[in-house]
Amino acid sequence: MDPTMERTRSVLSYLMPLIQSECPALHDFLLRSEVGCIFALSWLITWYGHVLSDFHQVLRLYDFFLASHPLMPVYCAAQMVLMREREVLQCDCDMASVHQLLSRIPSNFPYETLISRTHSFFQRRPPSQLERQTSLQRLKSISAASFRSLQISSAQQRPDSVLRQQVAPPSDVLPARSPNTLVKLAVWGISASLGAAALAVTQTALEWGPDLLLGLF
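Using UniProt numbering, the first residue of the sequence shown is number 1, and each one after it goes up by one.
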């Protein structure tokens with residue numbers, strides 16, 4: 001996995017232009033809802049592996065992606081949204097409603113139809129035709145780029161995190177561990193090891209016979 005989200009953000013930038021090329025009305029609805037592309041982030045990172053319940057469907061998609069262009073997963077995501085156009089347009093035009101709808105893939109989704117339409121979609125709209133639109137999308141959209149920052153910020157603002165920060169003493173007042181303490185710990189560890197070794201020898205001698213034990217001591 002890459003250390004940053006840069007390449008994933010670049011792939012995600014194709015999603016909205018692809019939807020716009022096939023259905024401008026759906027594209028405008030998604031823009032008004034301000035849902036962004038985060039709903040498809042996990043699809044692309046795991047190739048739908050963690051959102052599908054049927055293992056055979058996962059393998060089928062993996063075969064399709066491995067034998068296709070590297071951008072095929074985002075074409076698949078766009079086609080999946082297009083195939084659910086009616087559902088999307090019927091829900092409330094707000095981020096929470098649209099995100100909840102799109103992030104949950106129906107269990108009876110026709111994946112063979114999805115693969116067939118995605119392949120045709122790619123041939124109809126190759127990436128070279130979308131370069132200008134995707135460049136604009138990367139400049140306008142900060143959703144994917146700020147995803148990690150949003151996670152960190154949200155975690156730091158959780159009530160338990162805030163309480164821990166308030167209760168924890170400053171680092172400059174924490175007592176430093178002195179060298180004497182470390183020496184004592186080392187001596188204690190060596191003594192414990194020697195004691196365990198002596199006990200093991202004694203037990204072995206008892207098994208062999210008391211005469212041997214008397215000879216040792």
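Every residue, glycine too, gets a C-beta built ideally from N, C-alpha and C.
Here the structure is a predicted model, which is why all the values come from computation and not from measurement.
Item to check | Contact the segment 64-75 vs the segment 84-93: 3+ CB pairs below 8 Å | outcome: no
Next on the checklist: Tell me the DSSP secondary structure of Phe109 in three-state form.
Outcome noted: coil
Next on the checklist: Considering Cα atoms alone, identify which of Ser116, Leu61 and Arg32 is closest to Ser97.
Outcome noted: Arg32
Item to check | Inter-residue Cα distance where the pair is Pro17 and Ser120 | outcome: 16 Å
Checklist entry - What span of residues does the alpha helix (DSSP H) with Trp43 cover, start to end? => result Leu41 to Thr46
Next on the checklist: If you reduce the DSSP assignment to three classes, tell me which class Pro17 lands in.
Outcome noted: helix
Next on the checklist: For Val81, count the other beta carbons within 10 Å of its own beta carbon; 16 or more makes it buried, fewer makes it exposed. Which is it?
Outcome noted: buried
Next on the checklist: Less than 7 Å between C-beta atoms, sequence neighbours within five positions excluded: which residues of the same chain meet that for Cys23?
Outcome noted: Leu82 and Glu85
Item to check | Closest Cα partner of Leu44 within the set Leu30, Ala77 and Met95 | outcome: Ala77
Checklist entry - Skipping 5 residues on each side, what residues in its chain have a beta carbon closer than 6 Å to that of residue 220? => result Since the first and last residues shown for the chain are 1 and 217, residue 220 lies out of range.
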